[in-house]
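Asks:
Number of protein chains: 6
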Amino acid sequence: MSKKLKIGLPKGSLQASTFELFKKAGWSIKAQERSYYPSVDDPELEIMLIRAQEMARYVESEVLDCGLTGTDWVLESGCKVKNVADLIYAKRGLKKVRWVLAVPEGSKIKTPKALKGMRIATELVNVTKKYLKANKVNAKVEFSWGATEAKPPELADAIVELTETGSSLRANHLKIIDTVLESNTTVIANKKCLADAWKKEKLDNIIMLLKGALLAETKVGLKMDVIKSRLRNVLKLLPALEKPTISELSNPAWVAIDTVVDEYIVRDLIPKLRNAGAKGIVEYPLNKII
Amino acid sequence: MSKKLKIGLPKGSLQASTFELFKKAGWSIKAQERSYYPSVDDPELEIMLIRAQEMARYVESEVLDCGLTGTDWVLESGCKVKNVADLIYAKRGLKKVRWVLAVPEGSKIKTPKALKGMRIATELVNVTKKYLKANKVNAKVEFSWGATEAKPPELADAIVELTETGSSLRANHLKIIDTVLESNTTVIANKKCLADAWKKEKLDNIIMLLKGALLAETKVGLKMDVIKSRLRNVLKLLPALEKPTISELSNPAWVAIDTVVDEYIVRDLIPKLRNAGAKGIVEYPLNKII
Amino acid sequence: MSKKLKIGLPKGSLQASTFELFKKAGWSIKAQERSYYPSVDDPELEIMLIRAQEMARYVESEVLDCGLTGTDWVLESGCKVKNVADLIYAKRGLKKVRWVLAVPEGSKIKTPKALKGMRIATELVNVTKKYLKANKVNAKVEFSWGATEAKPPELADAIVELTETGSSLRANHLKIIDTVLESNTTVIANKKCLADAWKKEKLDNIIMLLKGALLAETKVGLKMDVIKSRLRNVLKLLPALEKPTISELSNPAWVAIDTVVDEYIVRDLIPKLRNAGAKGIVEYPLNKII
Amino acid sequence: MSKKLKIGLPKGSLQASTFELFKKAGWSIKAQERSYYPSVDDPELEIMLIRAQEMARYVESEVLDCGLTGTDWVLESGCKVKNVADLIYAKRGLKKVRWVLAVPEGSKIKTPKALKGMRIATELVNVTKKYLKANKVNAKVEFSWGATEAKPPELADAIVELTETGSSLRANHLKIIDTVLESNTTVIANKKCLADAWKKEKLDNIIMLLKGALLAETKVGLKMDVIKSRLRNVLKLLPALEKPTISELSNPAWVAIDTVVDEYIVRDLIPKLRNAGAKGIVEYPLNKII
Amino acid sequence: MSKKLKIGLPKGSLQASTFELFKKAGWSIKAQERSYYPSVDDPELEIMLIRAQEMARYVESEVLDCGLTGTDWVLESGCKVKNVADLIYAKRGLKKVRWVLAVPEGSKIKTPKALKGMRIATELVNVTKKYLKANKVNAKVEFSWGATEAKPPELADAIVELTETGSSLRANHLKIIDTVLESNTTVIANKKCLADAWKKEKLDNIIMLLKGALLAETKVGLKMDVIKSRLRNVLKLLPALEKPTISELSNPAWVAIDTVVDEYIVRDLIPKLRNAGAKGIVEYPLNKII
Amino acid sequence: MSKKLKIGLPKGSLQASTFELFKKAGWSIKAQERSYYPSVDDPELEIMLIRAQEMARYVESEVLDCGLTGTDWVLESGCKVKNVADLIYAKRGLKKVRWVLAVPEGSKIKTPKALKGMRIATELVNVTKKYLKANKVNAKVEFSWGATEAKPPELADAIVELTETGSSLRANHLKIIDTVLESNTTVIANKKCLADAWKKEKLDNIIMLLKGALLAETKVGLKMDVIKSRLRNVLKLLPALEKPTISELSNPAWVAIDTVVDEYIVRDLIPKLRNAGAKGIVEYPLNKII
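As you go down the protein sequences, you meet chains S, W, V, P, E and D in turn.
The first sequence begins at 0 in numbering that gives the first Met the number 0 and counts up one residue at a time.
The second sequence begins at 0 in numbering that gives the first Met the number 0 and counts up one residue at a time.
The third sequence begins at 0 in numbering that gives the first Met the number 0 and counts up one residue at a time.
The fourth sequence begins at 0 in numbering that gives the first Met the number 0 and counts up one residue at a time.
The fifth sequence begins at 0 in numbering that gives the first Met the number 0 and counts up one residue at a time.
The sixth sequence begins at 0 in numbering that gives the first Met the number 0 and counts up one residue at a time.
(1) Counting along the chain, where does the alpha helix (DSSP H) carrying Trp-72 of chain W start and finish?
(2) Check the C-beta distance from Glu-45 of chain W over to Lys-3 of chain W and give it rounded, since I have them as a contact under 8 Å.
(3) Near Lys-139 of chain S, what residues of its chain come up, given a Cβ to Cβ distance below 6 Å and the 5 sequence neighbours on each side ignored?
(4) DSSP beta-bridge partners for Met-223 of chain V?
(5) Could you tell me if Ala-188 of chain V is buried or exposed, where buried requires 16 or more neighbouring beta carbons within 10 angstroms of its beta carbon?
(6) Starting from the beta carbon of Leu-248 of chain E, find every residue of chain D whose beta carbon is closer than 9 Å, and list them in chain order.
(7) Considering Cα atoms alone, identify which of P:Asp-40, P:Lys-210, P:Ala-196 and P:Pro-243 is closest to Val-315 of chain P.
(8) Taking only beta-carbon positions, decide if Ile-289 of chain E is within less than 8 Å of chain S.
(9) Within the same chain, show all residues whose beta-carbon is closer than 7 Å to that of Leu-236 of chain E, passing over the 5 residues directly before and after it, in chain order.
(10) Chain E beta carbons: is any one of them nearer than 8 Å to that of Gly-92 of chain S?
(11) Straight-line CA distance for Val-179 of chain S to Met-207 of chain S?
(12) Taking the continuous alpha helix (DSSP H) assigned at Pro-270 of chain E, which residues delimit it?
(13) Starting from the beta carbon of Met-223 of chain V, find every residue of chain P whose beta carbon is closer than 8 Å, and list them in chain order.
(14) Quick one: what's Ala-155 of chain D bridged to in DSSP?
(15) Taking Cβ positions only, does Thr-268 of chain E come closer than 8 Å to chain S?
(16) Name the residue from S:Leu-67, S:Asp-203 and S:Ile-205 whose alpha carbon lies nearest to the alpha carbon of Ser-16 of chain S.
(17) List the residues of chain D whose Cβ lies closer than 7 Å to the Cβ of Val-62 of chain P, in chain order.
(18) Beta-carbon of Asn-274 of chain W versus every beta-carbon of chain P: anything under 8 Å?
(19) In the DSSP output, what is Gly-7 of chain P paired with across the bridge?
(20) Spatial neighbours of Glu-181 of chain P within its chain, please: C-beta separation below 7 Å, excluding the five flanking residues on both sides.
(21) By the three-class DSSP mapping on this structure, what secondary structure does Glu-247 of chain E have?
(22) Where does the unbroken alpha helix (DSSP H) through Lys-139 of chain E begin, and where does it stop?
(23) Which stretch, first to last residue, makes up the alpha helix (DSSP H) that contains Ser-16 of chain S?
(24) Drop a sphere of 10 angstroms on the beta-carbon of Pro-238 of chain W, count the other beta-carbons inside from all chains shown, and report buried for 16 or more, exposed for fewer.
(25) Would you kindly work out how many angstroms separate the C-alpha atoms of Ala-89 of chain V and Thr-217 of chain V, rounded to a whole number?
(26) Report yes if the C-beta distance between Val-99 of chain D and Asp-177 of chain D is below 8 Å; otherwise report no.
(27) Note down, in chain order, every chain V residue with its Cβ under 7 Å from the Cβ of Ala-113 of chain W.
(28) Out of S:Ala-277, S:Tyr-283 and S:Tyr-263, state which residue places its alpha-carbon closest to the alpha-carbon of Asp-40 of chain E.
(29) If you scan the stretch 163-227 of chain E from start to end, which runs of the beta strand (DSSP E) of 3 or more residues do you find wholly inside it?
(30) So, is Trp-197 of chain V buried or exposed, given that buried needs 16 or more other C-beta atoms within 10 angstroms?
(31) Applying the 10 Å Cβ sphere with the 16-neighbour rule, what's the burial state of Ala-24 of chain W?
(32) Answer yes or no: do Lys-222 of chain P and Asp-257 of chain P have a C-beta to C-beta separation smaller than 8 Å?
(33) Give the straight-line distance between the Cα atoms of Ala-113 of chain S and Trp-26 of chain E, rounded to the nearest whole angstrom.
(34) Below 7 Å on C-beta distance, what does Leu-208 of chain P contact in chain W?
(35) Relative to the C-alpha of Leu-123 of chain V, which candidate in V:Val-254, V:Leu-248 and V:Gly-69 has its C-alpha closest?
(36) Start and end of the alpha helix (DSSP H) containing Ala-133 of chain W?
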């Protein structure tokens, strides 16, 4: 039997988008409804679906070689694993999720110090305790099985909860008083896996392609023709980091430019390119950028 | 403001069926999508939606007067609350759910004793530890965030998991080697609530009507006419415990029988009643039986 | 061809519940997806689906004999038709819907008088103009094609809008300052229809059965056995208006009581009946009450 | 192991309604998604899901004792089985489905005779051939795998197709020129089953309860109080076949009537009963009528 | 606070496709379920969701700077606003929607003149009145709240209704006798907005990108390699208006052609290109064409 | 009226994907819900929806010129038609579906020979009989109306059934003992169609574009820049069959490579290309490849 890399993928709400990301990167993963061992079209991979909360535990104990999870749950678990790569699902630069300390809108609590003697509900008990200790506050941390944001003020005095947009907190009339932890999707592996040259290279290649697929979601291709006399003007408008491909045309007075830019700048860039002399501007979609 | 009984109802998978049961008992409860304080058409009640796992905690700390949850989570919590009434959703007699100890089908483990040194995954960590202690076994109990039945043999050697029909266990090629705990829906209350005469009576009346509604789900009404000469034969067939209503008809040779029987015996009972002389047998649905 | 009563039923959001009500009353109506002439299992009826807003117009012009609509749209239309019967969908007594005058929460407008010179958006233009005239206020009434409650403060200074619970108004930060009109479902007919004896009787019978079906939704049947010595106590608890059926049992010391009560009093009534000596209390559902 | 009756139920479009009917009759059947052996809460029954078209084949070959299917497919199969009972899903008297001979609306074909030399598409090849032979017509019968009603005029000259309301035929611009076969749901059994006294009685009881449940779908209960002086008038209005239960009331001048009537006559009956002196008329639903 | 352009987008059936179009043009718009102020990832834009029928009213009164709506509703409103750009959702050339005058199929009405004294139902009352006046016909125009096409012949003698394919008219057995108005999506603005240089340029850029996205939906990219000796033949086949990009290859005997063509001509063009000598023809999707 | 090619497309489970494929090839087909004659945006085509099983029958009888179906059903029908082109929906090379002979897992039957006297259930009766004859086995072949895989062992001793992944067979505890037939989607036509030059060319062009669209589903475009000194290394990695387009850049030391590769090799190819010196690797999607 061929050698295999055992990788854990997060079961639950992230499962569909993770499969989608692997699809774009080049792997087709299929899960039967009740099975936790999805099939994949790569004989060198073995995949298990594991809760994000438990991923570090099974990577540390070497049941798995590596896995995708959040940095929050790695910290909470206290397990010894190595963060190999961050996979940040970003639209406009870096966007992480935050675990915040929140209290009722009308509460007198304004700082972590004021939590002394209070009840704090959270799913992230260990990280919260460490945070309180660092702030030298003595408070009661209770594990919350869910619906944490509905607990104050009756069931808890404060909460430590995950937030992306803050809208769920606002809907429950809570205000944020501190950020306890920032978190993002990460690839973790154990030492044994990283010491195995074959596994290390396999994992590196997977990460390269996952990143290429992630990058392509925020970028587009842009092609245009420019008369040589105005080429310099047009090139000045294009982002410095991405070197455009400039090719000769049959008509020697003109060149074709082909480049990759952030999708979100296109709406501002195109009017400027036209003013600078670009003709036949065409935007097209990308699958991967390495 | 009027006096109120504060009652917790289980949030999540049991929520819809609990609301349905209260509806049948006479209370209409409505929950806004993101709110945890549903409205109810009874000014003497205040309802909170709480996870079954946390119900005992908040009843014990007197945030709530009482609540509906499972006896399993009461035990797991270790909280001091009083079981006031069992609400058994039964079809044919008593049907409880079971937390069972299960191992892979081909495993050599046949008894709890054989678990020594093994990893056991479960959501019910405290009850499992107590069970192991009672069996004098030393094993590692790991909290499982879900999908527990998929863990053996790679992620755990054995599990303690809830089962109703055993089909999920079989689908994962696990076999049951012991029952750790039987559980059913229960109404719990704290001492202070039970010491308050008004709250006690309010709670008793609610329980009476919940039980009446539950009972009606498994029973039906049965009406028939019988000539008096064969009345004794027919009555012998009817269950002894439920006394039928026998009323005189205009035709003095006949009587009408109206009674309540378990729905599941009707298919066997009706052929016998016909043979015994019952005419015009009619089965009709019930809402409540007190 | 047989004689027919031509009746209009409201197309749109009320259509499903109207068909449901007729079903309970005894008529099965079926609409093809794109047809406005539903079929009905009664050769004496011809049904058309008409917008509630236009019902009065077509009853007045004798295209229809009669129709179901709201009293609000009858008034708005200004058409001359006769209100034959109110069909109030009530749970606990009379519950009508209201068209209210609403302004932004922080607005200085506190009374209709303060609307002078303002823009008022509404679907009920004529009724609103009449209301302003009665209040001797000069303001601009603009027809609103929908989403009226979102218009203040930018697109309108005040609105006249339909409300049942007020939650949509609150969500848009509006407060009610007056009720412009109360409305309920009504059966309207034109003079010619009411002057035709056959049509008049047909319509009366339909209304009787619709009301019987409506009533049954809020009532339940209640049966119990009582020893004669305590009969008076039990009867005192039952609502005076509904005369219970009391029948003799074979055991001459007991009687059976069968009665109809409002569903919403059952949860309070049953504990009292038990205390008063009732045995074998059974609640059962009803289809119609005439 | 206990004795069992092996019964086939129709797989496919009729499955859900058949399970529903058995539920009302007193048996709870549950099918796993991919299994063809549903479970049932009766140890004396073994159920298999079989296509209606193949039911007779497997009853004849004694793989099954008995089964539910249509009389059309029994005939088409040519198998030797016994029709034990008809289960007619009727609303207003007998309603069977029909296999009809249909041709394009504008076709010159007006009688079966005119089919000479034509192509006829149908799923019911054998029955159609027999029909043509009986009509002494020579034509080509082609098995149709579905969408038969779309075939004329290009793919067939005529079709023999199942119809309930005729709407699919009209939508395809076809007209019916003859009825080839009437069909209804039937219970079939083989000789061996009927010769086994235990199986015969078990099957008879099942049929009795299925029929009782079917009957109850078209009937309702009706209760009312009548002063004795007008009793005769009221009784004249009630259907002769169903003998009402008349019971004495405490008030000796009145009696209570309780009876079962066809649901579809209620809307006409109730106005007449009221005119005849009935008071407190109440309609209630039924589960079974034997 | 930064300067903002206030733009109205059509609420309702066009909302999703409008958001989609802005997405392709480069703006991500998100609407909360009950809010009418969607968020957009551009601090220079403020968006309101407004009914198409009311858009002109609020642009004229300067609540909005500009908006997207149909030319039909601009005319109907009678408001004074400027049409800045047509956004024609075209597949094969210009495709507008039409408001047509339609009568029952069998009607004797063949021309607008014949409408004298008739009842005409329409949502577009003012445009219809103007049309009748232009045709010198005296008829009654009634506002229709919907389901207009079902009104003839009972509820109206003729209708003026929107149609794209005519299928809904045919299904209601109506025939078109005249076109009252052609309409298309348009961008409107008020004078004040167009006089503000910053707003004018912002709006122009938005329109440029919306048009670029619309265009890309009907076009595709086409690449191929051609030996220089056959280049002229291949170029003759390509549409004259779109100048292809021709670039030199390493093999000096060949060139690469990259061009943009209408998607609908590709199926005819490709066989011809192959015959003319093109190799490695590849079609690829586009996002935007400016 | 213009000349038309009459083509049959498979009705049922393949319909959606066939329409999708034609869409990609350049034809937009739209089917009304109850019609079997979909519309298409090409006046030279007339489309009929026909069951795959019946396609050959109607192509042979010249009702249709040509059609898409499976080679299995062509064989089963015994009709004389010409296979014009195979349309293999492949991911990694050729992937056909198989009709296999399967028996219960524990069965003693190991070879076709052992089927003597057994009952074999299948939808492919004629092909199965031919197969048995070729194997010189005498067995009973029964037409199966569906759910064939559930029949053994009670309803059949063996089956001949279609399988793609074998998972449905495994779920029913069956094992494959032989392959009876391999099948794929095919374009069939009759002689008369192929003898008509216009129809022949029209059909050839359709096939060319269908194949181009199919091919594009498994391929992607890949662009990169390479310094000329390492060009040879990079080119060695690219598949030999697809000649990459190499174009000069403004910077004369570099060239741009644009090529088409199988999507499934990309994940292995990209790391190698990077090692070989490729920069700015971009993968983009394709619509068609001819």
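Positions of the beta carbon are idealized from the N, C-alpha and C atoms, including for glycine.
Replies: Taking the coordinates as given:
(1) 70-76
(2) Indeed, because the Cβ distance is near 5 Å, the residues count as touching under 8 Å.
(3) If you ignore the 5 residues before and after Lys-139 of chain S, its C-beta comes within less than 6 Å of the C-beta of Arg-118, all in its own chain and listed in chain order.
(4) V:Ile-256
(5) buried
(6) Listed by position along chain D, the residues whose Cβ is nearer than 9 Å to that of Leu-248 of chain E are Thr-244, Ile-245, Ser-246 and Glu-247.
(7) This structure leaves residue 315 of chain P out entirely; chain P is present only between 0 and 289.
(8) Chain S contact via Cβ: present.
(9) Leu-268, Lys-271, Leu-272 and Ala-275
(10) Only weak support exists for where Gly-92 of chain S lies, its pLDDT of 41 falling under 50; the coordinates are left without a value.
(11) 31 Å
(12) Unbroken alpha helix (DSSP H) run through Pro-270 of chain E: 265-275.
(13) Those do not exist, as Met-223 of chain V stays about 14 Å from chain P at its closest Cβ, beyond 8 Å.
(14) None, per the DSSP bridge assignment.
(15) A quick correction: the sequence has Leu, not Thr, at residue 268 of chain E. Output row for Leu-268 of chain E: interface = no.
(16) S:Leu-67
(17) Against chain D, a Cβ distance below 7 Å from Val-62 of chain P picks out Glu-153 and Leu-154.
(18) Look at Asn-274 of chain W: its C-beta is not under 8 Å from any C-beta on chain P.
(19) P:Met-47 and P:Gly-66
(20) Lys-95 and Arg-97
(21) Reduced to three states, the DSSP call for Glu-247 of chain E is strand.
(22) Where Lys-139 of chain E is concerned, there is no enclosing alpha helix (DSSP H), although the beta strand (DSSP E) it sits in stretches over 139-142.
(23) Run containing Ser-16 of chain S: 14-24, per the alpha helix (DSSP H) assignment.
(24) exposed
(25) Since pLDDT at Ala-89 of chain V reaches only 40, below the 50 mark, its modelled position is unreliable, and the value read off the structure follows with that caveat. C-alpha separation (whole angstroms): 8 Å.
(26) yes
(27) Ordered by position in chain V, no residue passes the 7 Å Cβ test against Ala-113 of chain W, which lies about 53 Å from the chain.
(28) Its Cα nearest to that of Asp-40 of chain E, the residue S:Tyr-263 stands out among S:Ala-277, S:Tyr-283 and S:Tyr-263.
(29) 173-182, 184-188 and 218-226
(30) Counting Cβ neighbours within 10 Å, Trp-197 of chain V comes out exposed, since fewer than 16 surround it.
(31) With a threshold of 16 other beta carbon atoms within 10 Å, Ala-24 of chain W meets it and is buried.
(32) yes
(33) When rounded, the distance between both Cα atoms is 43 Å.
(34) Arg-266 and Ile-269
(35) V:Gly-69
(36) Segment 124-133, the alpha helix (DSSP H) holding Ala-133 of chain W.
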